[in-house]
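2 protein chains.
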Amino acid sequence: MQAKVASLQPHGDSGAAETPLLDKLGRFVVLAAADREIIARVASERVRGFAAHEDVVREGDRPQHISVILSGWACRYKVLADGRRQVVAFFLPGDVCDLNVLVLRHMDHSIGALTPILVSEISRAGFDTLMGAHLRVAQALWWEQSVANAIQREWAVNLGLRDATERMAHLFCELFLRLSLVGLVSGHSCEMPVTQADLAEATGLSPVHVNRTLQELRRLGLIVLKDKTLTIPDLEALADTAQFNPNYLHLGQEGRHLDANDR
Amino acid sequence: MQAKVASLQPHGDSGAAETPLLDKLGRFVVLAAADREIIARVASERVRGFAAHEDVVREGDRPQHISVILSGWACRYKVLADGRRQVVAFFLPGDVCDLNVLVLRHMDHSIGALTPILVSEISRAGFDTLMGAHLRVAQALWWEQSVANAIQREWAVNLGLRDATERMAHLFCELFLRLSLVGLVSGHSCEMPVTQADLAEATGLSPVHVNRTLQELRRLGLIVLKDKTLTIPDLEALADTAQFNPNYLHLGQEGRHLDANDR
DNA sequence: CGTCCCCTTGAATGAAGTCAATACGCGTGG
DNA sequence: CCACGCGTATTGACTTCATTCAAGGGGACG
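The following block contains the structure:
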């Protein structure tokens, strides 16, 4: 009755945690050594750290660079005039924060650190290098951006029609798979370094109800969450209660035909 | 107390309704005559009609072309295994349905007509022509895509933290401004050719509650909605109750510095 | 040892959903 | 011309899910 969850197995814990971006891009296109080298170089030009709760970019800013998360978690959020906050995306290691700041000049939202983070700041010039010099890299970046958009759409679905339990379960499924892409799950566990209040802002629930929802998921034996560590004993089962369909993450090696070595 | 709504005046009813795409793109970059000509040509190669409620593309498909709405309204939606539907975007005349189908091969959602529509189907080849031949056009398409993503984010905010009244009001503000971009508002009125059930799927509310919410907005004198026509007597007032901040639509002529004639 | 942050729990309230009945147009065909 | 059916809009009564308010507990850290 549930759509196929063929690719629910965590993906490649092969990836080295130091190069989450390479891990991710390499999952879509087959990068040549030169490609990998140039990504690594551009992405290490300027590295910056932020403390938890610090803003990386703020609404209204006109950033001159793109940020890539190297370690830690961040989020994209918007604030209404009366202070209500909604997190509309989580950024995990390897995620590119905002490719389109280069075309939309003013930020229409903010990006904040959820935990202490390290980000690589890629300048316009560095970006042009990436996009121009190597076709495969440009394609990979486009793909990463497209997947981010797809995730954004799925969040709308999550907020629009899933109840609290499904919503939390869905978020956990997504984060678990995304973390597995960059080698950050081990066995059935991954880090979950955010507070219940953070989860509340991401799911549109109240902190109190997040707490109750987590207890419900625990009671059902679907998750173990303790000491900032999430364990999912049975991912299929969790996916089932979440009505989670991983297709929107486009994990299917869709771009593997774009092989840098096949010319 | 409300963020500046400087650009709340409807934009340029100058645009001819026959060329909504040109209207929109021309709002970002200044297109040369040759640019306009090539867009018009590519966009008129293959035109197709769909009846209301017909699907333009379905989840799982691998479309070989990009669709641009010429007339009528469509939507992007997702369906859960148990049949629950969530609309995650409205497409109005001039909107490009999905630039990234060219990189993400399988559709992770469907696109359906809300009213009878005419779409222009741009093939991969036509798309390459657009992107390759004229830098300005490529930039304009990127911009259109980026704005679409920004809108998607705002929908998440809408679903996550606004109550029913604010949510409906917000949707109306957005649609009104987007329609004004393509010359489809006259005075304080625009078409609203969708049913209350459609609005329900877009706002994550039940049809019954949409009805009550509409009555509430009418009672407050914020909208007149009758015979598929929406009239907003006081856009500022509606925007205020919606906590609507138009910045995410990026109406500010941000790309006007990209002038095709300034070389 | 106190303070702060985070998590937890309970009880009361409220917003939106569900169910069900009714009403209104509108086109179709008898 | 009228009866019928269908999709859409409306209304009322009841239920449910989630929020709010308020209080207490536990651990980390100065």
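Sequences listed follow chains A and B, in order. For the first sequence, the tail end lands on 1741 under the working numbering, and the numbers increase by one without skipping. For the second sequence, the tail end lands on 1741 under the working numbering, and the numbers increase by one without skipping. Heads up, the beta-carbon is just placed ideally off N, CA and C, and yes, glycines get one too. Predicted model, so just to flag it, every value in this text is computed and none were measured.
If you reduce the DSSP assignment to three classes, tell me which class residue i lands in.
i                       : result
residue 1483 of chain A : For residue 1483 of chain A, the pLDDT reaches just 45, beneath the cut-off of 50, and the residue's location in the model is therefore unreliable, leaving the point undetermined.
residue 1726 of chain B : helix
residue 1542 of chain A : coil
residue 1740 of chain B : Confidence at residue 1740 of chain B is low in this model, with a pLDDT of 47, below 50, so its placement is unreliable and the value that follows should be read with caution. In the structure shown, residue 1740 of chain B sits in coil (DSSP, three-state: anything other than H, G, I, E or B).
residue 1714 of chain A : helix
residue 1423 of chain A : The structure shown has nothing for residue 1423 of chain A, since chain A only spans 1479 to 1741.
residue 1665 of chain A : coil
residue 1703 of chain B : strand
residue 1579 of chain A : helix
residue 1533 of chain A : strand
residue 1552 of chain B : strand
residue 1492 of chain A : Below a pLDDT of 50, predicted positions are generally treated as unreliable, and residue 1492 of chain A, at 42, falls in that range; no measurement from the model is reported.
residue 1590 of chain B : strand
Just the chain B side, please: which residues come within less than 7 angstroms of residue i by C-beta, in chain order?
i                       : result
residue 1562 of chain A : 1639
residue 1578 of chain A : 1624 and 1627
Would you say residue i reaches chain A, if we count a Cβ-Cβ gap shorter than 9 angstroms as a contact?
i                       : result
residue 1652 of chain B : no
residue 1566 of chain B : yes
residue 1590 of chain B : no
residue 1730 of chain B : yes
residue 1725 of chain B : yes
Looking at chain B, is there any beta carbon in it that lies within less than 9 angstroms of the beta carbon of residue i?
i                       : result
residue 1537 of chain A : yes
residue 1584 of chain A : yes
residue 1609 of chain A : no
residue 1556 of chain A : yes
residue 1662 of chain A : no
residue 1498 of chain A : no
How far does the beta strand (DSSP E) with residue i in it reach, from first residue to last?
i                       : result
residue 1691 of chain B : Residue 1691 of chain B -> not in any beta strand (DSSP E); alpha helix (DSSP H) instead, spanning 1685 to 1697.
residue 1707 of chain A : 1707 to 1709
residue 1564 of chain A : 1563 to 1569
residue 1520 of chain A : Taken as a continuous stretch (DSSP letters only), residue 1520 of chain A belongs to no beta strand (DSSP E), being part of the alpha helix (DSSP H) at 1511 to 1520.
residue 1676 of chain A : Run containing residue 1676 of chain A: none in the beta strand (DSSP E); it sits in the alpha helix (DSSP H), 1674 to 1681.
residue 1600 of chain A : 1595 to 1601
residue 1525 of chain B : 1525 to 1528
List, in chain order, every chain A residue whose beta-carbon is nearer than 8 angstroms to that of residue i.
i                       : result
residue 1617 of chain B : 1581
residue 1612 of chain B : Under the 8 angstroms cutoff, chain A gives no residues; its nearest Cβ is about 16 angstroms from residue 1612 of chain B.
residue 1706 of chain B : Result: empty, since nearest Cβ-Cβ is about 24 angstroms, beyond 8 angstroms.
Below 8 angstroms on C-beta distance, what does residue i contact in chain B?
i                       : result
residue 1682 of chain A : 1637, 1638 and 1639
residue 1543 of chain A : Near residue 1543 of chain A there are no residues of chain B at all, since even the closest Cβ is about 17 angstroms away, more than 8 angstroms.
residue 1648 of chain A : Under the 8 angstroms cutoff, chain B gives no residues; its nearest Cβ is about 10 angstroms from residue 1648 of chain A.
Could you check where the alpha helix (DSSP H) with residue i kicks off and where it finishes?
i                       : result
residue 1624 of chain B : 1613 to 1639
residue 1647 of chain B : 1642 to 1659
Since residue i meets chain A, which of its residues come closer than 9 angstroms, beta carbon to beta carbon?
i                       : result
residue 1620 of chain B : 1578, 1580 and 1581
Since residue i meets chain A, which of its residues come closer than 7 angstroms, beta carbon to beta carbon?
i                       : result
residue 1587 of chain B : 1631
Chain-ordered residues of the region 1624 to 1643 of chain A with a beta carbon less than 9 angstroms from chain B: 1624, 1625, 1626, 1627, 1628, 1630, 1631, 1632, 1633, 1634, 1635, 1636, 1637, 1638, 1639 and 1640
Residues of the region 1686 to 1702 of chain A whose Cβ lies closer than 9 angstroms to any Cβ of chain B, in chain order: none
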